[in-house]
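Written below as structure tokens is the structure these notes are about.
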Amino acid sequence: MSALLDSLAAPFDTLPSRDAAGLGGARRAALDAAMRDGLPHARVEAWKYTPLRALERRTFESVDVAPAIDPALLAAIPSPRIVFVNGRYHEAGSDIAGLPAGVTLQRVSEVLDEGETDAAGFMQRSYDRSDEVFARLNAALAAEGVVLRVEANEQPAQAVHLVFVGTGDDSDQAWHLRHLIELGEGARLNVVEHQLMAGDHRHFANSILQVQLGKDARLSHARLQDESDGATLIHRTDAVVGEDAEYRRIDLELGAGLSRHELNVVLLGERSHVHANGVLLADGKRHLDTRLGIDHAGRDSTCELVWRGVGSGRSRVVFHGGIQIRQGADGSDAMLSNKNLLLSEGAEIDTQPVLVIHADEVQAAHGATVGQLDPTAMFYLRTRGLPSEQARQILTAAFCRETLSVLEDTGMRDAALARLDHALERSIPA
């Protein structure tokens with residue numbers, strides 16, 4: 472057994488909400504399965520390019536209290552917002568008094584305290600594959616998070632901000648967060664998910680976000696990850712999109728030492744749609760891994776996926792873009808584009824687009840490239856008097872900004888652009 476799993480499992484017997492809402496048996500089963508099967512090794516295809524050898528020797532402690540943070544860190548993030556620091560609710564930084572009508576926001580700990588099985592039903596999901604060890608650990612150990620619901624036909628204008636801050640501590644800490652975003656029929660919502668750092672730290676954060684979109688619902692979702700170089704993030708998003716519903720999202724992966732994000736979307740209803748873009752910006756020794764699993768189950772469903780990767784220093788970028796079109800999902804239209812820039816000889820980029828089609832009368836296309844900055848464009852900028860590093864920064868920024876088009880809300884797009892520009896200045900100094 473690994474030191475990592477032993478340390479993560481240790482708090483289970485003292486977990487306050489372990490048996491709440493009838494979850495006790497499911498939690499115990501999830502933990503037993505995780506400990507029995509252990510961490511996936513390099514021969515497991517889903518983890519082939521993200522080895523866990525170094526991580527499995529580390530140990531982490533659980534978190535009891537949210538430490539204080541500098542209020543200036545939240546100054547640019549408007550309300551309504553809910554803040555978690557080191558996996559714990561931060562009341563001083565949160566402000567949900569201005570939630571729009573028809574929108575409810577609860578903490579998972581509150582839902583568990585109420586003990587209502589229906590409200591906590593989303594936490595009863597089981598994870599059957601042996602390589603889903605972190606999802607199993609989350610199912611067993613998550614005691615905090617967000618439950619965000621929008622009633623049918625409600626369409627609030629302002630975005631809801633979910634803020635997760637990692638900050639330094641004397642020990643290496645771990646936490647597990649579980650979230651739900653649920654939109655009723657005809658509802659609309661903009662959500663911005665911020666993952667920030669306050670100083671250097673080496674924490675382990677394991678989170679799952681479940682998204683449920685009813686008929687004709689529409690969710691715009693930006694996830695801006697800019698964590699500490701020592702942080703390890705395991706993040707998973709599972710979305711189910713109903714008839715005529717639309718899920719638009721962008722993921723900016725700009726920080727962390729090791730970050731892995733699995734985005735699984737089931738296009739369940741007819742004419743359901745997902746438009747997801749992302750940027751993987753890796754410098755230093757970062758390891759950024761994104762794994763997409765798009766499942767066309769409904770007829771005439773569509774997906775548009777545009778991901779950009781940049782590797783510099785001795786970093787590694789891993790991308791897997793999986794699209795499946797099920798039998799009967801005729802009329803599906805799928806498009807995946809993954810382009811990558813290698814900015815140094817020491818960096819590595821692994822990309823793997825996969826199409827599996829079991830239906831007739833569909834359109835599907837995918838493409839992946841790994842290259843370098845256009846020498847003609849570099850020459851042009853240099854002839855205009857720009858230093859080499861500044862020219863590299865300008866061209867790299869243009870390469871990445873293309874993905875922001877998925878965000879129609881100007882406030883969300885400006886927030887994402889500011890984060891992206893800051894990260895580019897840090898990773899590619901002018």
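Under the numbering used here, the letters of the sequence shown match residues 472 to 901, in that order.
Even glycine gets a Cβ: it sits at the ideal position worked out from N, Cα and C.
Rounded straight-line distance, which links the Cα of residue j to that of residue i
i      : j      : result
Ser699 : Arg731 : 14 Å
Gly496 : Val711 : 26 Å
Ser898 : Glu532 : 31 Å
Pro627 : Leu486 : 36 Å
Ala688 : Leu654 : 6 Å
Ser691 : Gly558 : 24 Å
Gly569 : Leu651 : 20 Å
Gly838 : Ala805 : 12 Å
Ala702 : Gly802 : 43 Å
Arg762 : Trp778 : 11 Å
Val789 : Leu875 : 20 Å
Arg719 : Glu664 : 13 Å
His672 : Lys810 : 31 Å
Gln843 : Ala623 : 47 Å
Val781 : Ala747 : 18 Å
Arg890 : Ala547 : 11 Å
Lys519 : Pro511 : 9 Å
Val582 : Gly616 : 10 Å
Glu603 : Met849 : 44 Å
Helix, strand or coil at residue i according to DSSP, with G and I counted as helix
i      : result
Asp503 : helix
Thr881 : helix
Phe555 : strand
Arg694 : strand
Arg689 : strand
His632 : strand
His561 : coil
Thr703 : strand
Glu585 : helix
Phe483 : helix
Ala517 : helix
Ser498 : Per the sequence presented here, residue 498 reads as Arg, with Ser not at that position. Of the three classes helix, strand and coil, the one that applies to Arg498 here is helix, per DSSP.
Arg489 : coil
Glu741 : coil
Ala539 : coil
Ala525 : helix
Ser478 : helix
Chain-order list of residues whose beta-carbon lies under 7 Å from that of residue i (same chain, five-residue window excluded)
i      : result
Gln577 : Val618
Other residues of its chain near residue i: CB distance less than 6 Å, five sequence neighbours each side excluded
i      : result
Thr588 : Ala492, Gly493
Glu724 : Gln696, Ser730, Leu751, Leu759
Leu852 : Ala862
Glu714 : Lys686, Gly740, Glu741
Asp535 : none
Leu612 : His647
Arg659 : Gln626, Arg689
Residue-level contact to chain D via CB, residue i, 8 Å cutoff
i      : result
Gln626 : Among the protein chains of the structure shown there is no chain D, as only one such chain exists.
Cβ-based neighbour list, residue i, same chain, cut-off 8 Å, excluding 5 preceding and 5 following
i      : result
Ser597 : Ala497, Ala500, Ala501, Ala610
Ile567 : Ser550, Pro551, Arg552, Ile553, Leu576
Closer than 7 Å: residue i CB and nearest the ligand SAH heavy atom
i      : result
His692 : Looking for the ligand SAH in the displayed structure turns up nothing, as the structure carries no ligands at all.
Inset, instruction - Could you say if the stretch 734–753 and the stretch 763–771 meet the contact criterion of at least three C-beta pairs nearer than 8 Å? - result: yes
Inset, instruction - Could you say if the stretch 823–841 and the stretch 859–867 meet the contact criterion of at least three C-beta pairs nearer than 8 Å? - result: no
Inset, instruction - Could you tell me whether the stretch 669–678 touches the stretch 699–716, where touching means 3 or more Cβ pairs closer than 8 Å? - result: yes
Inset, instruction - Could you tell me which uninterrupted alpha helix (DSSP H) segments, each at least 4 residues in length, are contained entirely in the stretch 813–895, listed from first to last along the chain? - result: 846–854, 859–872
Inset, instruction - Give a yes or no on contact between the stretch 551–567 and the stretch 792–800, applying the rule of three or more CB pairs nearer than 8 Å. - result: no
Inset, instruction - For the stretch 583–668, list the alpha helix (DSSP H) runs that are entirely contained and at least 4 residues long, ordered along the chain. - result: 604–612
Inset, instruction - Flag this pair as touching only if the stretch 539–559 and the stretch 630–646 have three or more C-beta atom pairs under 8 Å; answer yes or no. - result: yes
Inset, instruction - Entirely within the stretch 767–818 and at least 3 residues each: give me those beta strand (DSSP E) ranges in chain order. - result: 773–782, 787–796, 804–813
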